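Presented below is the structure to which this report refers.
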Amino acid sequence: MDAVSAYHLKPWLAQYGSAVPATLPAPEATSLAAMAGAATTRHAKRTAFTCVLPNGMYGNLSFAQVHAMSDQFAHYLRRVVGLQAGDRVALQMPNCLGYPVALLGVLKAGCVAVNTNPLYTAREMNHQFVDSGAKVVVIVDLFADKLEQALVGTAVKQVVLTKVTDFFPSLVGGIAHAVMKHWNRLVPGHSLQGVHTLPAALQQGTAAAGAVSGTGTGTGTYTETLTHDSLALLQYTGGTTGVAKGAELTHGNLLWNMAQMRAMAADRIVDGEEVVLTALPLYHIFAFTVNFLCMFDAGARNVLVPSPRPVQNLQRAIENYPITWITGVNTLYNALLNEEWFTAYPPRHLKAAGGGGAAMHHAVVERFEKVTGAPLAEGYGLTECAPVVCFQPLHGPRVKDSIGIPVPSTEVCLLDDAGNPVALGQPGELCVRGPQVMRGYWQRPEATAEVIRNGWLHTGDVAVMTADGTFRIVDRKKDMVLVSGFNVYPNEIEDALAHHDAVMEAAVIGLPDSKTGEAVHAYVVLREELVGKVTEAELLAHCKTLLTGYKVPVRVNFRIELPKTPVGKILRKDLRSEALKKS
Amino acid sequence: MLSETETRLLGVMMMVIMLGMGASLTFKDFAIALRKPVGVLVGLMCQYGLMPLVAFLLAKALALPPAYAVGLILMGCMPGGTTSNIFAYFSKSQLSLSILMTMSSTLLAILMVPLTLAFYSSGIEGQWQVPRANVIQVLFVLLVPTVIGIALRKWNANVGAVIEMVGGLLGVLVILFLVLSWVPRNSQLLMTTGFPVYAASIGLGLTGFVLGYGLSRLLRQDARRSRTIALETGIQNGPLAVLIVLLTFSGTQQQEVLLIPVLYSLFIVLTSSAVTVWFRRITLREELARDAAKIGALNAA
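Quick note, the sequences are listed as chains Z and W, same order.
Going by our numbering, the letters in the first sequence line up with residues 31 to 613, in that order.
Going by our numbering, the letters in the second sequence line up with residues 11 to 311, in that order.
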């Protein structure tokens, strides 16, 4: 790469002002386990986690409780199951109180966590267990029926079963679980042998710790060899393109990214004062680093919602707790803004909201800020960067429709196909260098070499930078539509469609076309009350007022819903393969 | 006849039911509903406008003797029953509207029940009349647990949710209790009871369903809301009427007045179940049709 380009000068540093330091000191904690210990010392008696069910029933765990229970789980893993440092433990559960206990337990045991989506099919689970070499699986009972099949040919030697209502007050948890099991029939049977429940595992851990040391229940010996370079988490990604790969995130990667995020939030995260709504699943890297790790370190109360769909499931959580932070994706905010209980009584204590995962729509951001009076800052990240790379600064003016500026101690550069920096204002592939960038893909040197070249992580996203160092994502490189030789970026078309009042959601893809090579096709979900009242012609006319001719879709297809990932990212590739199958 | 202990037990159970109903809603739910009050207003109109009138006209048409007439009119003047919420849930109606209607008609009962009852039973011989003080006293006593329920929900969501469930369950149990303890002991009476009493007991609920639906449609509520209001209108708070009778009358007089409220409570479970199955089918069919329309739009595009 050429020596000096606009990107090397880091023009975004000027936007940091006095609120954000340009570079951060290396995190003090030697590992996430040490970080959790320190946070517990500071906040022991505070409530760390509150899990809220749709009807308002809840369970709480304080920092001290999470600390003690995760110690017990660490002992269980090391002394009862017999794991060694560096062994992998798969965690497969929705947001619930068992998650922080299990996750911190794994890290305190010096082991490596493997976040696993509970909605995976048995085949996908099997791939992830085999690939990661997981020896223990901690899974929620709602999905245990798939496990038997998923365990074939894996190294898993122990299964630990959790319930969404684990650690709830016993009467409340009992009723809620009975309703789930006997009324909603959500808990399937299973024929797994030798399974331990999470509470039973904790008891065994306590017993084993006492038997060996006889004195304390400390887990320090398990973690004393950990450094910033030790592996903490295998976070699988790339499920959207072929086979899923495990991004190796180290304790250092995650500690750095926590600090970077905290720096960007500046004074909007105050130690011991925040209440964060976690509607995104913790097995997703954004919620994992920002909602869980960063907020745990800040002594925040974390309000966990097991399932944000339907969005009414969030009503009691938002009503009953003084939420100061929300993180989410465009679809979540959009859904909230369509609820009267939210718009009539928005959270009064909200300091800020963060959006990411997929492009936020301008119209959604504007409405959210108007309704709540709090800024909704958009960020950009990817699993390989633990995940945050850029965020809109919360302390100063934010450029709408941008992903903001790089977080401290991070270099960002836009490169062309030949690997040279593109001129200012020109689109190029966004590349990252910084302490949050992963070590590589687990046991896949070729795949690693493909994305990390000359020390830069190539994200596959096309972006442009303005003179003041603000970045804007144009689109995924591979989602770009080539219409008669012109580049069309689906995001721009989707945003134009979303500006129409009748449109609730839109997705745009390119399909082969005999005349133009590729043509733009739109898929639109209308607001319920307007279904059947808005025509394709109307939407096309609307697009024509906002877009140049070649960008206007040739077709608008009306849908009841769009295919989405569990976090709510719209799956354009599913629409595309479906359309290609039809033709 | 119910024994003294049974009457007391019924009173306690009613309090728990009301506690549970109170715990099913938050102040914010109310406030949100009041932003678009039309649905609730239509519901209240059906509850206190329609039902007492239906009861009165049925009593006239069937030429019921005063004891039965007073039982029927009392039944017609009652607020919505908490079991309606369970039926609303199963029939895929609008649960929030149903809960809200039950709650608002219960809160307004202390005002509306004495008024409507006095108005429609004014032509009945004095000894059969239900004294206003009795009605107000019972309603007031029940208002207290309702308000406590709301407060408990606000104070602690776990306590609120548990009470809500216990109350809902008890609502069904109380009707079973009434039926099981009363019917066998009065089989002789049931055998000799004539057609008009049965017609009145069954007819009150059925007419309520039909007219509640009709009036809601007339007042421009959509089909699903109208079905919710219909169920809510037809289903009255039977156990409450029973309790008022027990506390007002005694001996054979009590037994006679009690007949229609108890028969109503028994039959309303049956008729509501049938209506629920039917409504559920309609709702499912409508949902399918709506989906089909969307797919139609998709194909046309």
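All C-beta atoms, glycine included, are put in the ideal place defined by N, C-alpha and C.
All figures in this text were calculated on a predicted structure; none of them were measured in a lab.
* Rounded to whole angstroms, what's the CA-CA distance from ASN484 (chain Z) to VAL462 (chain Z)? Just pull it up for me. => 11 Å
* Using a Cβ cut-off of 9 Å, which residues of the stretch 40-71 of chain W contact any Cβ in chain Z, in chain order? -> ALA41, ILE42, ARG45 and LYS46
* To do: Check the Cβ of MET111 (chain W) against every Cβ in chain Z and list those closer than 8 Å, keeping chain order.
  => In chain order: nothing, as chain Z lies at least about 18 Å away.
* Can VAL550 (chain Z) and PRO520 (chain Z) be called in contact, C-beta distance under 9 Å? -> yes
* For ALA77 (chain W), decide whether its Cβ has a neighbour in chain Z, counting only Cβ atoms nearer than 9 Å. => no
* **Contacts around GLY135 (chain Z), its chain only, beta-carbon distance under 7 Å, and the 5 residues preceding and following it disregarded** => SER100, PHE103, ALA104 and LEU107
* Quick one: any contact between the stretch 309-316 of chain Z and the stretch 122-139 of chain Z, if contact means 3 or more CB pairs under 8 Å? -> yes
* Less than 9 Å separating the beta-carbons of GLY86 (chain Z) and GLY116 (chain Z)? -> no
* Asked: Can you give the Cα-Cα distance for LEU91 (chain Z) and ILE96 (chain W), rounded to whole angstroms?
  -> 33 Å
* **Own chain residues within Cβ distance below 7 Å of ALA59 (chain Z), not counting five before or after** => MET65, ALA68 and LEU285
* Residues bridged to LEU261 (chain Z) (per DSSP) -> Z:THR280
* So, are the CB atoms of MET325 (chain Z) and ILE299 (chain Z) less than 9 Å apart? -> yes
* Which residues of chain Z have a Cβ atom closer than 7 Å to the Cβ of ALA167 (chain W), listed in chain order? -> GLY86, MET87, TYR88, ARG346 and ASN350
* To do: Have a look at LEU110 (chain W) and GLY248 (chain W) and give me their C-alpha separation to the nearest angstrom.
  => 18 Å
* List, in order along the chain, the chain W residues whose C-beta lies closer than 7 Å to that of GLU370 (chain Z)? -> ILE42
* **Assigned secondary structure, ARG606 (chain Z) (DSSP; H/G/I helix, E/B strand, else coil)** => helix
* Asked: Going by Cα to Cα distance, which pick from Z:SER432, Z:ARG109, Z:VAL513 and Z:CYS443 is closest to LEU232 (chain Z)?
  -> Z:ARG109
* Using a C-beta to C-beta distance shorter than 7 Å, which residues of chain Z count as neighbours of VAL184 (chain W)? -> Near VAL184 (chain W) there are no residues of chain Z at all, since even the closest Cβ is about 20 Å away, more than 7 Å.
* **Short CB-CB distance (under 9 Å) between ALA161 (chain W) and chain Z** => no
* To the nearest angstrom, how far is it from the Cα of ARG378 (chain Z) to the Cα of PHE421 (chain Z)? -> 24 Å
* Within 10 angstroms of its Cβ, does ALA6 (chain W) collect 16 or more other Cβ (buried), or is it exposed? -> No statement about residue 6 (chain W) is possible, as the shown extent of chain W runs from 11 to 311 and does not include it.
* Segments of 4+ residues assigned as alpha helix (DSSP H) that fall wholly inside the stretch 126-208 of chain W -> 142-165, 167-192 and 197-202
* Asked: Grouping DSSP H, G and I as helix and E and B as strand, with all else coil, what is MET325 (chain Z)?
  -> helix
* Taking the C-alpha atoms as reference points, what is the distance between PRO338 (chain Z) and PRO423 (chain Z)? -> 27 Å
* In the structure shown, what three-state DSSP assignment does ARG292 (chain Z) receive? -> helix
* If you drop the 5 nearest sequence neighbours on each side, which residues of the same chain put their C-beta closer than 6 Å to that of ALA185 (chain Z)? -> GLY163 and LYS165
* To do: Write down the C-beta distance between ILE169 (chain Z) and LEU191 (chain Z) rounded to the nearest angstrom, noting that I regard them as a contact closer than 8 Å.
  => 6 Å
* To do: Would you check if the distance between the CB atom of LEU273 (chain W) and the CB atom of VAL182 (chain W) is smaller than 9 Å?
  => no
* Beta-bridge partners of TRP486 (chain Z), as assigned by DSSP -> Z:ARG483
* To do: With 9 Å as the threshold, decide whether the Cβ of ALA180 (chain Z) is near any Cβ in chain W.
  => no
* Whole alpha helix (DSSP H) runs in the stretch 224-273 of chain W with 4 or more residues, listed along the chain? -> 233-244 and 248-258
* Using the C-alpha atoms, what's the distance from LYS603 (chain Z) back to ALA388 (chain Z)? -> 14 Å
* **Limits of the unbroken beta strand (DSSP E) element including ASP543 (chain Z)** => 533-543
* **Cβ neighbours of THR271 (chain Z) in the same chain (closer than 7 Å, five flanking residues each side left out)** => Per-residue confidence for THR271 (chain Z) stands at a pLDDT of 48, beneath the threshold of 50, marking its modelled position as unreliable; the derived number appears in the next sentence. Counting only Cβ-Cβ distances below 7 Å, and skipping sequence neighbours, we find nothing.
* Asked: Just reading off the beta strand (DSSP E) that THR77 (chain Z) is part of, what are its end residues?
  -> 77-82
* the stretch 171-182 of chain W: which residues have C-beta closer than 7 Å to a C-beta of chain Z, in chain order? -> ALA171, VAL172 and MET175
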